[in-house]
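Take a look at the structure below.
In this note's numbering, the protein residues as written are 646 to 782.
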């Protein structure tokens, strides 16, 4: 079981409300240092959420929930490219197969694994392509 992650290109945010004609007057506030987690470089933050995905996939594998027994028995291997969409709180909003492994059993298992992800870091990208590999080593 392996998972590699590639963030999708950033898209401009949608404007859901009209901007105020006259923004409220700015008031001085006491400057506070940003929390340590926010000071991490983007590459470190990306590694954090990618590591969390791998950790959760590993736990699924340890519980026998990742690689389907039938797929193992049939010697099925492959990679499924899943589009993962997250809510702002880091929970899975949606997932769909973007590229099949060629085996419905593996495609379904990849979707199950991705949909079972819980509490990903809030700085994870809202949409990303997630390659989920099934290999018999």
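Where is the CB? At the ideal position from N, CA and C, for every residue including glycine.
Let's see if you can read the secondary structure: which residues bound the alpha helix (DSSP H) around residue 862? Since the first residue shown for the chain is 646 and the last is 782, residue 862 is missing from the structure and cannot be characterised.
Stretch pair the segment 694-705 + the segment 760-773: three plus CB contacts closer than 8 Å: Short answer: they touch.
Taking DSSP as the reference, what is the three-state secondary structure of residue 687? Mapped onto the chain shown, residue 687 falls at position 42. Here residue 687 scores only 46 on pLDDT, less than 50, and its place in the model should not be relied on; the value that follows carries that caveat. Residue 687: helix per DSSP, three-state reduction.
Just reading off the alpha helix (DSSP H) that residue 749 is part of, what are its end residues? In the chain shown, residue 749 corresponds to position 104, counting from 1. Membership of residue 749 in the alpha helix (DSSP H) is indicated by the continuous run 749-760.
Counterpart residues of residue 776 in DSSP-defined beta bridges: The residue given as residue 776 occupies position 131 in the chain shown. According to DSSP, which records beta bridges pairwise, residue 776 is partnered with 726.
Using DSSP bridges, identify the partner residues of residue 741. Taking the chain shown and counting its residues from 1, the one referred to as residue 741 is at position 96. 728.
Measuring CA to CA, which of 753, 773 and 759 is closest to residue 715? For the purposes of this step, residue 715 is taken as residue 70 along the chain shown, with counting starting at 1. With distances taken between Cα atoms, residue 715 lies closest to 753.
For residue 723, I'd like the list of residues in its chain whose CB is within less than 7 Å of its CB, leaving aside the five on either flank, ordered along the chain. What you label residue 723 is simply residue 78 of the chain shown in a count that begins at 1. Beyond the five residues adjoining it in sequence on each side, residue 723 comes within less than 7 Å, by CB distance, of 746, 747, 748, 751 and 779 in the same chain, given in chain order.
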